[in-house]
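A.B. asks: Okay, here's the structure, questions in a sec.
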Amino acid sequence: MGTVAESRSGPARDRAGPDAESAVLERELTEAVLAGAARSDVLHALVRATGRQVRLLSAEGAVLATTDGGSGVPATVADGVLAGAAGPVVDTLDGLRATALPVRAGTTVAGVLLTVGPGDPRVQGLAGAAVTALLIDAVRAGDDSAEASSPHTPADVVAALRSGTVSPSVCAAAAELGIDLQRPPAGAVLHYSGSRLRAWSTALTWLEHPVQQEARTAWTVAASEVTLARLQSRLRHMTGDESAGDDVVAASGSHPESPIGLARSFAEAERLLGLARIRGVPLLTFGGCGVVQVLLPLPRAHLEAYAEAHLGPIRQRPELMATLRAWLAERGSRQSVSEQLHLHRNSVGYRVRQIKNLLGTDPLLPAASAELHLALAALDLLAADDRQPRGDEPVSAGH
0 MGTVAESRSG PARDRAGPDA ESAVLERELT EAVLAGAARS DVLHALVRAT
50 GRQVRLLSAE GAVLATTDGG SGVPATVADG VLAGAAGPVV DTLDGLRATA
100 LPVRAGTTVA GVLLTVGPGD PRVQGLAGAA VTALLIDAVR AGDDSAEASS
150 PHTPADVVAA LRSGTVSPSV CAAAAELGID LQRPPAGAVL HYSGSRLRAW
200 STALTWLEHP VQQEARTAWT VAASEVTLAR LQSRLRHMTG DESAGDDVVA
250 ASGSHPESPI GLARSFAEAE RLLGLARIRG VPLLTFGGCG VVQVLLPLPR
300 AHLEAYAEAH LGPIRQRPEL MATLRAWLAE RGSRQSVSEQ LHLHRNSVGY
350 RVRQIKNLLG TDPLLPAASA ELHLALAALD LLAADDRQPR GDEPVSAGH
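Positions 0 to 398 (numbering that gives the first Met the number 0) are the ones given, in order, by the sequence shown.
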């Protein structure tokens, strides 16, 4: 782990502002610790980033780890730092001036972090970037200096991962639930549209899987499509809606490289859930959504602009839009489109000529076909956004 914070420590980091620089370092250190790096690795990474020697002290001011072999601070000074009663600049027992930073989150306390030398806002900001990593290390190691925090429920863990709040206590709780954050799963969401809402709510509590529920919608994590499909099948069985087939719709986002990326994965899953409901597909994953992968990060305004630019002249003509979709799907087979739309072959030909004239291109030309497929997918995603989980239906309404 000797290369932590080195791979991105060149000109790009140097040009970033203090806040951006600290954010990058925090992400790197947190990911490194989750991957197995030790606190000594974190301290040496801080030395490289700040140019200062670093010491980690216990809550009593004793040295736990140091890069320069130096001393700690009196217990009263450490206590003042942790309580917020002491200023950031302190004197160490070996006579040096240092900037002190409490390493704590709620009731979890891992000690005091010192950067040796005069006060410097940039150095202090970079030191703060190591707090989360050091707390994770302390909780993982079960240090006597790390007090146990309040336990998180499975729903709390999922909610924290959805929001990107990857605190040390959340990491510890996730590990207890069997969630491997060193190889993060995908964010997933399931939606129930049946009438047995009480059975749905009960079924979710019986799952041996962490779930956060809001009325008809439940969020969880899934290591694979097989895992998500198994959860979906079990929920259908427990709600008694197996015959309905589409009462439980499921979707999952991409597999992030780090726990911090789970928030994005959950956002993708929610968009894909809306798309699955629009298209009548029972299960849709990031890997199986095709060209939509390209569109998922885009905001509504960009999707709207792209769809209008390529479909504007026919967008308000439902019969032409349906014909275009079928024409592209059937690769220009007039007979297939005729059967699919229940139209005479001549009517299909007439509509296709209208489409060509209004759009100013032949939809089957490779470049035009690619653009139109993407524009239609953008429209589907816009419609899907309107069907994202709202959690606005009372669970108690079921039977």
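Every residue gets a Cβ at the ideal spot worked out from N, C-alpha and C, and that includes glycine.
Can you name, in chain order, every residue of its own chain whose Cβ lies under 7 Å from the Cβ of Arg-51, other than the five neighbours on each side?
C.D. replies: Thr-114, Val-115, Gly-116, Val-122
A.B. asks: In chain order, what are the residue ranges of uninterrupted alpha helix (DSSP H) at least 4 long that sit wholly in the segment 92-140?
C.D. replies: Taking only runs of at least 4 residues, the alpha helix (DSSP H) segments lying wholly in the segment 92-140 are 120-127, 130-140.
A.B. asks: Do you know whose CA, among Ala-187, Glu-267, Tyr-191, Val-32, lies nearest Thr-238's CA?
C.D. replies: Tyr-191
A.B. asks: Let's test the definition: count the other Cβ atoms within 10 Å of the Cβ of Arg-96 and tell me whether it reaches 16, buried, or not, exposed.
C.D. replies: Its Cβ having fewer than 16 others within 10 Å, Arg-96 is exposed.
A.B. asks: Taking all protein chains shown into account, do 16 or more other C-beta atoms lie within 10 angstroms of the C-beta of His-151, making it buried, or fewer, making it exposed?
C.D. replies: buried
A.B. asks: Would you check if the distance between the CB atom of Ala-410 and the CB atom of Leu-92 is smaller than 7 Å?
C.D. replies: The first residue shown for the chain is 0 and the last is 398, placing residue 410 beyond what the model contains.
A.B. asks: Assign Val-88 to buried or exposed, taking buried as 16 or more other Cβ atoms, counted over all protein chains shown, within 10 Å of its Cβ.
C.D. replies: Around the beta carbon of Val-88, fewer than 16 other beta carbons sit within 10 angstroms, so the residue counts as exposed.
A.B. asks: Which runs of the beta strand (DSSP E), 3 residues or longer, sit entirely within the segment 152-230?
C.D. replies: 185-191, 211-213, 216-221
A.B. asks: Beta-carbon within less than 6 Å of Ala-217's beta-carbon, same chain only, minus the 5 sequence neighbours each way: which residues are those?
C.D. replies: So the list reads Leu-189, Leu-203, Val-210, once near-sequence residues are dropped.
A.B. asks: Distance, Cα to Cα, Ala-37 vs Asp-136?
C.D. replies: 7 Å
A.B. asks: Are the Cβ atoms of Val-165 and Ile-259 separated by less than 7 Å?
C.D. replies: Against a cut-off of 7 Å, the Cβ pair of Ile-259 and Val-165 comes out as a contact.
A.B. asks: Among Ala-187, Ala-154, Gly-186, whose alpha-carbon lies nearest the alpha-carbon of Ala-172?
C.D. replies: Ala-154
A.B. asks: In terms of residues, what are the limits of the beta strand (DSSP E) holding Leu-55?
C.D. replies: 53-56
A.B. asks: Between Asp-142 and Gly-163, what straight-line distance do the alpha-carbon atoms span, to the nearest angstrom?
C.D. replies: With a pLDDT of only 48 at Asp-142, under 50, the local geometry of the prediction cannot be trusted, and the value read off the model is given with reservation. If I take the Cα positions, the gap works out to 25 Å.
A.B. asks: Tell me, which residues are paired with Leu-282 by DSSP?
C.D. replies: DSSP lists Ala-249 as partners of Leu-282.
A.B. asks: Bridge partners for Asp-90 per DSSP, in chain order?
C.D. replies: Arg-96
A.B. asks: Excluding sequence positions up to five away, which residues of its chain have a Cβ less than 7 Å from the Cβ of Ala-145?
C.D. replies: Any reading at Ala-145 must be qualified, since the residue scores a pLDDT of 48, below 50, and its modelled position is unreliable; no value is offered.
A.B. asks: Around the C-beta of Asp-435, are 16 or more other C-beta atoms found within 10 angstroms, so that it is buried, or is it exposed?
C.D. replies: In the structure displayed, the chain extends from 0 to 398; residue 435 sits before or after that span and is not available.
A.B. asks: According to DSSP, simplified to helix, strand and coil, what is Thr-29?
C.D. replies: helix
A.B. asks: Nearest to Ser-194 by alpha carbon, out of Asp-246, Leu-112, Ser-368?
C.D. replies: Asp-246
A.B. asks: Taking Leu-327 as the reference, give the member of Ser-257, Ala-126, Pro-120, Lys-355 with the closest Cα.
C.D. replies: Lys-355
A.B. asks: Under a three-way DSSP split, which group does Ala-37 fall into?
C.D. replies: coil
A.B. asks: Please say whether Gly-252 and Phe-285 have beta carbons closer to each other than 7 Å?
C.D. replies: yes
A.B. asks: Taking Glu-307 as the reference, give the member of Gly-273, Met-320, Ala-374, Gly-289 with the closest Cα.
C.D. replies: Ala-374
A.B. asks: For Ala-22 and Glu-329, what's the separation of their Cα atoms in angstroms?
C.D. replies: 49 Å
A.B. asks: Leaving out five residues before and five after Trp-205 in sequence, what residues of the same chain have Cβ atoms less than 8 Å from its Cβ?
C.D. replies: These residues qualify, in order along the chain: Met-237.
A.B. asks: Using the three-state DSSP reduction, which class does Thr-65 fall into: helix, strand or coil?
C.D. replies: Strand, per DSSP.
A.B. asks: Here's the rule I'm using: 16 or more other beta-carbon atoms within 10 Å means buried, otherwise exposed. How should Asp-90 be labelled?
C.D. replies: exposed
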